[in-house]
Structure formats: C-alpha cells, structure tokens
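Engineer:
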Amino acid sequence: MTIKTAIVDDNSFLISAVKEKLSFFEGVSVKFTAINGSELLELLNENHNLDVILMDIEMPVLNGIEATEIVKQKYPHIKIIMLTVFDNDENIFNAIKAGADGYLLKEVNPEDLHNGIVETLNGGAAMNPSIALKTLKLLRNPIQIQNEKEKEDITLTTRETEVLEQLSKGLSYNSIADNLILSTGTIRKHIENIYKKLQVHNKLEAVQKAKKNNLI
Numbered sequence: 001m002t003i004k005t006a007i008v009d010d011n012s013f014l015i016s017a018v019k020e021k022l023s024f025f026e027g028v029s030v031k032f033t034a035i036n037g038s039e040l041l042e043l044l045n046e047n048h049n050l051d052v053i054l055m056d057i058e059m060p061v062l063n064g065i066e067a068t069e070i071v072k073q074k075y076p077h078i079k080i081i082m083l084t085v086f087d088n089d090e091n092i093f094n095a096i097k098a099g100a101d102g103y104l105l106k107e108v109n110p111e112d113l114h115n116g117i118v119e120t121l122n123g124g125a126a127m128n129p130s131i132a133l134k135t136l137k138l139l140r141n142p143i144q145i146q147n148e149k150e151k152e153d154i155t156l157t158t159r160e161t162e163v164l165e166q167l168s169k170g171l172s173y174n175s176i177a178d179n180l181i182l183s184t185g186t187i188r189k190h191i192e193n194i195y196k197k198l199q200v201h202n203k204l205e206a207v208q209k210a211k212k213n214n215l216i
C-alpha cells in the first residue's frame, strides 16, 4: 500500500528537502504541499484522502499547531507529524494538546523519517529522543509549562524574594523586620509589592504562586 502524504511548510527549500528524503522510499507518495495551515485546509477540502501530514509549526496565516487542531477535528483519520526546527517545551506541549501524533526535528535522516511515518500509521508515535525526553518531563511536571508564560512576567527583587522566603516560613511582619534588619513599615511595603507582582491577595496565595513559579 502507498502511504499518501502532504507536506506543509512556508519554506519551499525545506519542502524540497523533505520530498527528497521521502523519495528514497517507494511506498510513499507526496500528494500535495502547502505553505501554511490555511492553504492546507483548502486543499484538504478538495481531497482529504491522505494518511499523514508532515507539518511545520512556525508558519504565517495559520500556524502548524492551530492547523493541527482543525484538521484533527475535521479529519480524525489523518495522522499528523510535526516537523520542526524547535524542540522547545511549549511547542511540544501545545502540539500534543492539539492532537499531533508525532514530533520530529527537521534534520531527521530519511530512514528515521520513514520509520517515524510507518510507526505513526501503525498506532505508535514518531518522536526523536530529545523530544521524547522532554515530553516525559512535561508529563511529570505539567504545572511548569502552564506557568511558563506567567513565570516570564514575574520578577522579584532580591529583597522581595528574601521577604517572601521569610513569609513562607510563617513568620510575622515583626519577626521578618527583625531578621532582615528593616522596619515593619518597609516589610509591609515589600509585601504589598510582592502581592501586586504576583497578582495575589494573601500570604497563602503568594507563597503557593511563588513556589509554583520557582521564585522561592
């Protein structure tokens, strides 16, 4: 049986490179290529008799993750393997959430690409080792990725971190003031700033959020 594939990438050079890798294998035929998710959806509208789509992530108009979600809803029989330059955590997490069946890096050699496609069609998941490792980590610690965005926005000063650490030990404002050799008023001001930065309203929330974001 011939494996019917489509390649979606906004870089024509990379489409050619993937086509060339697949040309080594007789059982694979590239039915069409598209330069973004939107073009892919138009082409699928005309013909969705496909087995697998090799999908880039970073594309204009409609990116690979958004396109994957739509394709999976409309044509659940089509397998989707993300082919990307990046193996960053957020992309992996979002691609998996969108329903991607596999995730390979673009520099994958022809044999591994072919094996990945066959494996995915047989119900497995194509993944290169570094991505498999990251996926495991994400599964073990899903909180981390959800807070990746939050984490970037929260920066506490060294002094605020010290105050927060003392606060997490359950110390009173007076004790913290004594320990850090500051006035209680100054401690209050620091705590006010901490609450504002963390967007919380009480000590418990502040400590929980700070721990979640590895601030303390």
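All residue numbers for the sequence shown refer to UniProt numbering, where the first residue is 1 and numbers rise by one.
For every residue, glycine included, the Cβ atom is placed at its ideal position computed from N, Cα and C.
This one's a predicted model, so the numbers in the text were calculated from it and none came from an experiment.
1. Look at Ser168 and Ala125 and say whether their C-beta atoms are less than 9 Å apart.
2. Below 9 Å between beta carbons: does that hold for Ile154 and Leu204?
3. In the UniProt domain "Response regulatory" (4-121), which residue ranges form an unbroken beta strand (DSSP E) of at least 3 residues, counting only runs that do not cross its ends?
4. Checking 9 Å against the spacing of the C-beta atoms, do Leu83 and Asp9 come in under that value?
5. For the stretch 59-73 against the stretch 91-110, are there 3 or more C-beta pairs whose distance is under 8 Å?
6. Report back the beta-carbon spacing between Thr5 and Leu50 to the nearest angstrom; my notes put them in contact at under 8 Å.
7. Quick check on the DSSP output: the alpha helix (DSSP H) that includes Gly197 runs from which residue to which?
8. Can you give me the C-alpha to C-alpha distance between Lys134 and Val85, rounded to a whole angstrom?
9. Taking all protein chains shown into account, decide if Ile53 is buried (16 or more other Cβ within 10 angstroms of its Cβ) or exposed.
10. Ends of the alpha helix (DSSP H) at Lys212?
11. Hey, how far is the Cα of Leu171 from the Cα of Arg140?
12. In the DSSP output, what is Met127 paired with across the bridge?
13. Can you say whether Thr33 is buried or exposed, counting buried as having 16 or more other CB atoms within 10 angstroms of its CB?
14. From which residue to which residue does the alpha helix (DSSP H) around Ser175 run?
15. In this structure, does DSSP put Lys169 in helix, strand or coil?
16. Excluding the 5 residues preceding and the 5 following Leu113 in the sequence, name in chain order all residues of the same chain whose CB lies nearer than 6 Å to its CB.
17. For Val184, collect the residues of the same chain with a Cβ closer than 7 Å to its Cβ; drop the 5 residues on either side in sequence, then sort them by chain order.
Structural biologist: The short version:
1. As a working note, residue 168 is residue 168 in the sequence shown. As a working note, residue 125 is residue 125 in the sequence shown. Against a cut-off of 9 Å, the Cβ pair of Ala125 and Ser168 comes out as no contact.
2. Start at 1 with the first residue of the sequence shown, and residue 154 comes out as number 154. Start at 1 with the first residue of the sequence shown, and residue 204 comes out as number 204. No, the Cβ-Cβ distance between Ile154 and Leu204 is not below 9 Å.
3. 28-34, 52-55, 79-84, 102-105
4. Locating residue 83 in the sequence shown gives position 83, counting from the first residue. Locating residue 9 in the sequence shown gives position 9, counting from the first residue. In this structure, Asp9 lies closer than 9 Å to Leu83 by Cβ.
5. yes
6. On the sequence shown, residue 5 is found 5 positions in, with the first residue counted as 1. On the sequence shown, residue 50 is found 50 positions in, with the first residue counted as 1. Indeed they touch by this definition, with Cβ atoms about 7 Å apart.
7. Counting from one through the sequence shown, the residue named residue 197 turns up at place 197. Before going further, note that residue 197 is Lys rather than Gly in the sequence given. Element bounds for Lys197: 184-198.
8. Here residue 134 is taken as the residue at index 134 of the sequence shown, counted from 1. Here residue 85 is taken as the residue at index 85 of the sequence shown, counted from 1. Cα to Cα, Lys134 sits roughly 15 Å from Val85.
9. For the purposes of this step, residue 53 is taken as residue 53 along the sequence shown, with counting starting at 1. Buried.
10. By 1-based counting over the sequence shown, the position of residue 212 is 212. Run containing Lys212: 203-212, per the alpha helix (DSSP H) assignment.
11. Within the sequence shown, numbered from 1, the residue matching residue 171 stands at position 171. Within the sequence shown, numbered from 1, the residue matching residue 140 stands at position 140. The straight-line gap from Cα to Cα measures roughly 32 Å.
12. Within the sequence shown, numbered from 1, the residue matching residue 127 stands at position 127. Paired residues: Tyr103.
13. Counting from one through the sequence shown, the residue named residue 33 turns up at place 33. Thr33 comes out buried.
14. One-based indexing of the sequence shown puts residue 175 at position 175. Its alpha helix (DSSP H) spans residues 173-180.
15. As a position in the sequence shown, residue 169 is number 169, starting the count at 1. If DSSP states are grouped into helix, strand and coil, Lys169 belongs with coil.
16. In the sequence shown, the residue the question calls residue 113 occupies position 113. The answer, listed in chain order, is Lys21.
17. Residue 184 sits at position 184 when you count from the first residue of the sequence shown. In the sequence as displayed, the identity of residue 184 is Thr instead of Val. The residues are Tyr173, Asn174, Ala177.
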